[in-house]
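Asks: Chains as they are written, first to last, in numbering that gives the first Met the number 0: chain A, 0 to 221; chain B, 0 to 221.
Using N, Cα and C, we set each Cβ at its ideal position, and we do this for glycine too.
Below you will find the structure I want to go over with you.
2 protein chains.
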Amino acid sequence: MANTIIPEIKSQVTDEVLVQRRRQQIVDAAVELFSSQGYYRTTVQEVARKAGVSTGLIYQYVQDKEDILLLSILDIIDSYQQEIPAALAGVEDPLLRMRAALAAYCRVVDQRRLATLLTYRSARSLSSDRRQLIKAAELDSNRLIADCIRACIDAGLFEPVDVDFITYQLVMFAHTWALKHWRLAEQYSLNDYVEKGFRLYLHACLTEAGWRHFRLMFPSAA
Amino acid sequence: MANTIIPEIKSQVTDEVLVQRRRQQIVDAAVELFSSQGYYRTTVQEVARKAGVSTGLIYQYVQDKEDILLLSILDIIDSYQQEIPAALAGVEDPLLRMRAALAAYCRVVDQRRLATLLTYRSARSLSSDRRQLIKAAELDSNRLIADCIRACIDAGLFEPVDVDFITYQLVMFAHTWALKHWRLAEQYSLNDYVEKGFRLYLHACLTEAGWRHFRLMFPSAA
DNA sequence: CCTGACTGAATGATCGTTCAGTCAGTCAGG
DNA sequence: CCTGACTGACTGAACGATCATTCAGTCAGG
Numbered sequence: 000m001a002n003t004i005i006p007e008i009k010s011q012v013t014d015e016v017l018v019q020r021r022r023q024q025i026v027d028a029a030v031e032l033f034s035s036q037g038y039y040r041t042t043v044q045e046v047a048r049k050a051g052v053s054t055g056l057i058y059q060y061v062q063d064k065e066d067i068l069l070l071s072i073l074d075i076i077d078s079y080q081q082e083i084p085a086a087l088a089g090v091e092d093p094l095l096r097m098r099a100a101l102a103a104y105c106r107v108v109d110q111r112r113l114a115t116l117l118t119y120r121s122a123r124s125l126s127s128d129r130r131q132l133i134k135a136a137e138l139d140s141n142r143l144i145a146d147c148i149r150a151c152i153d154a155g156l157f158e159p160v161d162v163d164f165i166t167y168q169l170v171m172f173a174h175t176w177a178l179k180h181w182r183l184a185e186q187y188s189l190n191d192y193v194e195k196g197f198r199l200y201l202h203a204c205l206t207e208a209g210w211r212h213f214r215l216m217f218p219s220a221a
Numbered sequence: 000m001a002n003t004i005i006p007e008i009k010s011q012v013t014d015e016v017l018v019q020r021r022r023q024q025i026v027d028a029a030v031e032l033f034s035s036q037g038y039y040r041t042t043v044q045e046v047a048r049k050a051g052v053s054t055g056l057i058y059q060y061v062q063d064k065e066d067i068l069l070l071s072i073l074d075i076i077d078s079y080q081q082e083i084p085a086a087l088a089g090v091e092d093p094l095l096r097m098r099a100a101l102a103a104y105c106r107v108v109d110q111r112r113l114a115t116l117l118t119y120r121s122a123r124s125l126s127s128d129r130r131q132l133i134k135a136a137e138l139d140s141n142r143l144i145a146d147c148i149r150a151c152i153d154a155g156l157f158e159p160v161d162v163d164f165i166t167y168q169l170v171m172f173a174h175t176w177a178l179k180h181w182r183l184a185e186q187y188s189l190n191d192y193v194e195k196g197f198r199l200y201l202h203a204c205l206t207e208a209g210w211r212h213f214r215l216m217f218p219s220a221a
């Protein structure tokens, strides 16, 4: 975790390295349990057992059960922040970057499908100020997509669209893969889904020059 | 409620009319409480108090607390089924119908924003077979949108797009207004949001003839 | 020995669910 | 009409289970 947002969660334990390690251990167990059973159906004792520690130990690293949820959700959002930049590394062309970002986002959502759902299901169980932290982290990770769109506009490939609007639509496009997986996966493979989405948003954004560029980059397409 | 899906929820009470009335009373209270506090944070006693009945009475009309949740979610989905056809009544032109359907969907989501969130937050708290009922109801209400898209294709206004795919994107576009309201409402009015969404999806679908028709129907647009 | 991480049984609060009992209405028999 | 038996909707206090949280005590290493 290389969180930009460090939540102020107090721990009884002073050794910072140990705190990191133990919390990760707890969060790994929690994400798995919360994702599959839900937050309220999971007991702290279960988390402890799965993490291989005692119940009491958990309360040396967090204040209460909600803290475990907060850390879990931040951990999930953080995995977007890790994976997307990695997928963009070395890709120069703005249109290809745009595609790579969307594909990476969808891939992470696919790999951590239940975890992604958890953020929707349980974020509102948090107190208002803890929820603010989640929102800030989300906006932060959206920036990765927004930058790709802006680069396309600056290169003259996209019309001067509303970047925030398109960003949110793209983010939700990826999340939809998790939210409606029960239906979508009946009809599309992940790759088909990404491809169709990419095309859809291109139609809304590409300039004339953008279309020419597109046909150059993807000669197979119509 | 004119549910197409009648869930098999047993009631101790035999008088069918009374069952309808009491259940509605319970569901109205439950939707309000579940929406604002969440399912697990709401006690059956609270639902009873808000509905103006005793705790015991509730258990004469449902089997357990989950039944209340199931009825609540079905009630919410049902409100889409009521409102969208009403908004389409009398509108003939396929493109206008399409727009009216999207606007109506978004309007219902806006009016019942917390209730819409409830369906995302809590659907997974239901047992698998109760969840199937929700999914069926959702597919049913999606049909209203799909029909509008098909009409546009048949009229030659839309390319022969993947109807299911676009339908899901439109449905999610509406739901996104609830899911990301904390951010979107900072930037757009509901009308702006609908308008921008409508344009976006038109770009992905319209034929040449469709564009001519569009400019005819909306002369103000660029 | 201390210190501080760690344990896990015990505590206390919170709820879903039940059930013994109330009460209004119905109806048969006188 | 009255009356008393009966029905079934309705009540809400009590029960029992479930958990979040605590804390008295253990143990390892310095």
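Are Gly-209(B) and Phe-157(B) close, meaning C-beta to C-beta below 9 Å?
Replies: The residue you call residue 209(B) lines up with position 210 of the second sequence. The residue you call residue 157(B) lines up with position 158 of the second sequence. Contact: yes.
Asks: Quick check on Gly-119(B) - is its C-beta less than 9 Å from some C-beta in chain A?
Replies: Numbered from 1 along the second sequence, position 120 holds the residue referred to as residue 119(B). The residue you asked about is not Gly; residue 119(B) is Tyr in the sequence shown. It does; some Cβ of chain A falls within 9 Å.
Asks: Could you tell me which chain B residues have their CB closer than 8 Å to the CB of Arg-123(A), listed as they occur along the chain?
Replies: Within the first sequence, the letter at position 124 stands for residue 123(A). Simply Gly-37, Leu-116, Arg-120.
Asks: Are the CB atoms of Arg-21(B) and Tyr-58(B) within a distance shorter than 9 Å?
Replies: Position 59 of the second sequence holds residue 58(B). Position 22 of the second sequence holds residue 21(B). It is not a contact, given that the beta carbons lie outside the stated cut-off.
Asks: Assuming Pro-93(A) is part of the alpha helix (DSSP H), what are its boundary residues?
Replies: Your numbering for residue 93(A) matches position 94 in the first sequence. Here the alpha helix (DSSP H) through Pro-93(A) covers 93 to 110.
Asks: Please name the residues in the region 195 to 212 of chain A whose beta-carbon is closer than 7 Å to at least one beta-carbon of chain B, in chain order.
Replies: So the close ones are Lys-195, Leu-199, His-202, Ala-203.
Asks: May I have the straight-line CA-CA distance separating His-174(B) from Thr-13(A), to the nearest angstrom?
Replies: Here the question's residue 174(B) lines up with position 175 in the second sequence. Here the question's residue 13(A) lines up with position 14 in the first sequence. Each residue's Cα considered, the two are about 44 Å apart.
Asks: Any idea if Ile-4(B) is buried or exposed, counting beta-carbon neighbours within 10 angstroms, 16 or more meaning buried?
Replies: Translated into the one-based positions of the second sequence, residue 4(B) becomes position 5. In this prediction, Ile-4(B) has a pLDDT of 47, which is less than 50 and means its spatial position is unreliable; nothing more can be read from the coordinates.
Asks: Taking Asp-63(B) as the reference, give the member of Ala-100(B), Asp-74(B), Thr-42(B) with the closest Cα.
Replies: For the purposes of this step, residue 63(B) is taken as residue 64 along the second sequence, with counting starting at 1. The candidate whose alpha carbon is nearest that of Asp-63(B) is Thr-42(B).
Asks: Suppose the cutoff is 7 Å on Cβ atoms and the five residues either side in sequence are ignored; what does the same chain contact list for Lys-179(B) look like?
Replies: Within the second sequence, numbered from 1, the residue matching residue 179(B) stands at position 180. Cβ within range, chain order: n/a, list empty.
Asks: According to DSSP, Leu-205(B) sits in a beta bridge with which residue or residues?
Replies: On the second sequence, position 206 is the one that residue 205(B) refers to. Answer by DSSP bridge pairing, in chain order: Phe-157(B).
Asks: Helix, strand or coil for Ala-1(A)? Go by DSSP, reduced to three states.
Replies: Counting from 1 along the first sequence, the entry for residue 1(A) is found at position 2. Note that Ala-1(A) has pLDDT 41, beneath the 50 cutoff, so the model's placement of it is unreliable and the number below is only indicative. Correct three-state label for Ala-1(A): coil.
Asks: Taking 8 Å as the cut-off, does the region 36 to 52 of chain B touch the region 73 to 90 of chain B (at least 3 CB pairs, one atom from each stretch)?
Replies: The region 73 to 90 of chain B, when compared against the region 36 to 52 of chain B, does not touch it at the 8 Å Cβ threshold.
Asks: Nearest-angstrom Cα distance between Ala-85(A) and Ala-145(A)?
Replies: Indexing the first sequence from 1 puts residue 85(A) at position 86. Indexing the first sequence from 1 puts residue 145(A) at position 146. Cα to Cα, Ala-85(A) sits roughly 16 Å from Ala-145(A).
Asks: Against chain A, with Cβ distances strictly below 9 Å, would Phe-33(B) count as a contact?
Replies: By 1-based counting over the second sequence, the position of residue 33(B) is 34. Not one chain A Cβ lies under 9 Å of Phe-33(B).
Asks: Between Val-26(B) and Glu-45(B), what straight-line distance do the alpha-carbon atoms span, to the nearest angstrom?
Replies: Against the second sequence, residue 26(B) aligns to sequence position 27. Against the second sequence, residue 45(B) aligns to sequence position 46. Approximately 12 Å between the Cα atoms of the pair.
Asks: So if I threshold CB-CB distances at 9 Å, which residues from the region 174 to 190 of chain B count as touching chain A?
Replies: Listed by position along the chain: His-174, Thr-175, Leu-178, Lys-179, Trp-181, Arg-182, Leu-183, Gln-186, Tyr-187.
Asks: Mind checking whether Leu-169(B) and Tyr-200(B) have CB atoms under 9 Å apart?
Replies: By 1-based counting over the second sequence, the position of residue 169(B) is 170. By 1-based counting over the second sequence, the position of residue 200(B) is 201. Yes, Cβ-Cβ distance for Leu-169(B) and Tyr-200(B) is below 9 Å.
Asks: Roughly how many whole angstroms lie between the Cα atoms of Ile-152(A) and Pro-159(A)?
Replies: The residue you call residue 152(A) lines up with position 153 of the first sequence. The residue you call residue 159(A) lines up with position 160 of the first sequence. Approximately 6 Å, taken between the alpha carbons.
Asks: Can the beta-carbon of Arg-123(A) be found closer than 9 Å to that of Arg-120(B)?
Replies: One-based indexing of the first sequence puts residue 123(A) at position 124. One-based indexing of the second sequence puts residue 120(B) at position 121. Taking 9 Å as the Cβ cut-off, Arg-123(A) and Arg-120(B) qualify as a contacting pair.
Asks: Closer than 8 Å between beta carbons: that is the criterion. Which residues of the region 132 to 153 of chain B meet it against chain A?
Replies: Those residues of the region 132 to 153 of chain B that come within reach of chain A (Cβ to Cβ, closer than 8 Å) are Lys-134, Leu-138.
Asks: For Ser-127(B), is the classification buried or exposed, using 16 other Cβ atoms within 10 angstroms of its Cβ as the cut-off for buried?
Replies: Counting from 1 along the second sequence, the entry for residue 127(B) is found at position 128. When all chains shown are included, Ser-127(B) counts as exposed.
Asks: Kindly indicate which residue of Gly-89(A), Ala-177(A), Ala-114(A), Tyr-187(A) has the alpha-carbon position closest to the one of Leu-70(A).
Replies: For the purposes of this step, residue 70(A) is taken as the residue at position 71 of the first sequence. The shortest C-alpha separation from Leu-70(A) is found at Ala-114(A).
Asks: Determine whether the beta carbon atoms of Pro-218(A) and Ala-154(A) lie at a separation below 9 Å.
Replies: As a working note, residue 218(A) is residue 219 in the first sequence. As a working note, residue 154(A) is residue 155 in the first sequence. Contact: no.
Asks: Which residues mark the beginning and the end of the alpha helix (DSSP H) in which Ala-173(A) is found?
Replies: Indexing the first sequence from 1 puts residue 173(A) at position 174. From DSSP, the alpha helix (DSSP H) with Ala-173(A) extends over 162 to 178.
Asks: Taking only beta-carbon positions, decide if Gln-44(B) is within less than 9 Å of chain A.
Replies: Translated into the one-based positions of the second sequence, residue 44(B) becomes position 45. Chain A contact via Cβ: absent.
Asks: Between the region 78 to 105 of chain B and chain A, which residues of the former have CB atoms less than 9 Å from a CB of the latter, in chain order?
Replies: Correct list: empty, as no residue qualifies.
Asks: What does the alpha-carbon distance come out to for the pair Leu-143(B) and Ile-8(B)?
Replies: As a working mapping, residue 143(B) is identified with position 144 in the second sequence. As a working mapping, residue 8(B) is identified with position 9 in the second sequence. Taking the straight line from one Cα to the other gives about 27 Å.
Asks: Residues of chain A with CB closer than 7 Å to the CB of Asp-128(B), please, in chain order.
Replies: As a first step, residue 128(B) must be located in the second sequence, where it is residue number 129. Going along chain A, no residue has its Cβ under 7 Å from Asp-128(B), so there is no contact; the nearest lies around 14 Å.
Asks: Considering only the alpha carbon of each residue, which of Gly-37(A), Arg-96(A), Ile-67(A), Ile-133(A) lies closest to Ala-47(A)?
Replies: Working through the first sequence from its first residue, we reach residue 47(A) at position 48. The shortest C-alpha separation from Ala-47(A) is found at Ile-67(A).
Asks: Using a Cβ-Cβ cutoff of less than 7 Å, which residues in the same chain neighbour Leu-87(A) once the five nearest sequence positions on both sides are dropped?
Replies: Position 88 of the first sequence, counted from the start, is the residue given in the question as residue 87(A). So the qualifying residues of the chain are Arg-96, Ala-99, Ala-100.
Asks: Between the Cα of Asn-141(A) and those of Phe-172(A), Arg-130(A), Tyr-38(A), Leu-32(A), spot the shortest distance and give me the residue it belongs to.
Replies: Working through the first sequence from its first residue, we reach residue 141(A) at position 142. Ranking Phe-172(A), Arg-130(A), Tyr-38(A), Leu-32(A) by Cα distance to Asn-141(A) puts Phe-172(A) first.
Asks: Any beta-carbon of chain A closer than 9 Å to the one on Asp-161(B)?
Replies: Translated into the one-based positions of the second sequence, residue 161(B) becomes position 162. Judged by the 9 Å Cβ criterion, Asp-161(B) is in contact with chain A.
Asks: Look at the alpha carbon of Asn-190(A) and the alpha carbon of Leu-56(A), and state the distance between them as a whole number of angstroms.
Replies: What you label residue 190(A) is simply residue 191 of the first sequence in a count that begins at 1. What you label residue 56(A) is simply residue 57 of the first sequence in a count that begins at 1. For Asn-190(A) and Leu-56(A), the distance between alpha carbons rounds to 43 Å.
Asks: Would a C-beta distance cut-off of 9 Å place Gln-83(B) and Ile-133(B) closer than the cut-off?
Replies: Here residue 83(B) corresponds to residue number 84 of the second sequence, with the count starting at 1. Here residue 133(B) corresponds to residue number 134 of the second sequence, with the count starting at 1. One detail in the question is off: residue 83(B) reads as Ile in this sequence, not Gln. For Ile-83(B) and Ile-133(B), no; Cβs fall outside 9 Å.
Asks: Do Phe-164(B) and Gln-226(A) count as a contact pair if the criterion is CB distance below 9 Å?
Replies: Residue coverage of chain A in this structure runs from 0 to 221, which leaves residue 226(A) outside it and unanswerable.
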